[in-house]
Structure formats: structure tokens, C-alpha cells
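Engineer: Below: one structure in C-alpha cells.
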Amino acid sequence: MNVKLDCSKITLGVRYSAPVFFDDGQNMFLAAGHPAKPYHIEALKRWSVPFLLTEGHPMSEIRQTFVPEDDGLEELEEFEEDEDIGELEPL
7 MNVKLDCSKI TLGVRYSAPV FFDDGQNMFL AAGHPAKPYH IEALKRWSVP
57 FLLTEGHPMS EIRQTFVPED DGLEELEEFE EDEDIGELEP L
């Protein structure tokens, strides 16, 4: 479900988890995961865009609420070669 997004929510560097569309719902304003740049903000002002539409959420908010405590990764042990390939018996 598309949510109306006030244009003031588009600030420099903000990223959304889903594409952001112009008020017509067809033309994309900002791709998912891409940061808003100065020209995005200027375009909104210049064209007097009333609102934007998205099904996503600001990614900065998502990152603030989800912070993994343990990534579950372990350090790998060093690999030791037991035999020289020339010493192997043919099959």
C-alpha cells in the first residue's frame, strides 16, 4: 500500500527501503536504497511537488531499530596442506 510522503521528509542522504514515486504513482523519484542528493531536493522545490508515494521506510530508521549483537561468524583456522600434490597416488 502506497503511503503519502511529505516532501520535507526527503533530506540529503536519506534512503528508502522501496522506490519513491512522484505524486502520479508511476514516475520514480528515487530508487530503493539510493541516497537523496542535492538535485533531488532542488527538483522537488522547483517543480512544487505536493507529495511523494512509497511502500518503503527510511532506511536510517530501520538501521537504528535493528542492531545485531552477534553476527554469528567465527574466525577461520589457518589451512594446512598435508601432502604435496605430487605425492598423491593416482586413482
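Heads up, the sequence shown is in the working numbering, so the first residue is 7 and it goes up one at a time. Note that beta-carbon positions come from the ideal geometry of N, C-alpha and C, so glycine has one too.
Strictly by DSSP, which residues pair up with Thr60?
Structural biologist: Numbered from 1 along the sequence shown, position 54 holds the residue referred to as residue 60. Answer is Val9 and Val26.
Engineer: Give a yes or no on whether the C-beta atoms belonging to Ala24 and Glu48 are separated by under 8 Å.
Structural biologist: As a first step, residue 24 must be located in the sequence shown, where it is residue number 18. As a first step, residue 48 must be located in the sequence shown, where it is residue number 42. Contact flag unset, no.
Engineer: Taking Leu50 as part of the alpha helix (DSSP H), name the residues at either end of that continuous run.
Structural biologist: The residue given as residue 50 occupies position 44 in the sequence shown. Taken as a continuous stretch (DSSP letters only), the alpha helix (DSSP H) holding Leu50 covers Pro44 to Arg52.
Engineer: Using alpha carbons as the reference points, say which of Glu95, Leu97, Met65 and Glu93 lies closest to Lys15.
Structural biologist: Translated into positions along the sequence shown, residue 15 becomes position 9. Among Glu95, Leu97, Met65 and Glu93, the Cα nearest to that of Lys15 is on Met65.
Engineer: Just the Cα atoms here: how many angstroms apart are Gly39 and Leu18?
Structural biologist: Residue mapping note: residue 39 aligns to position 33 of the sequence shown, counting from 1. Residue mapping note: residue 18 aligns to position 12 of the sequence shown, counting from 1. Near 13 Å, if we compare the C-alpha coordinates of Leu18 and Gly39.
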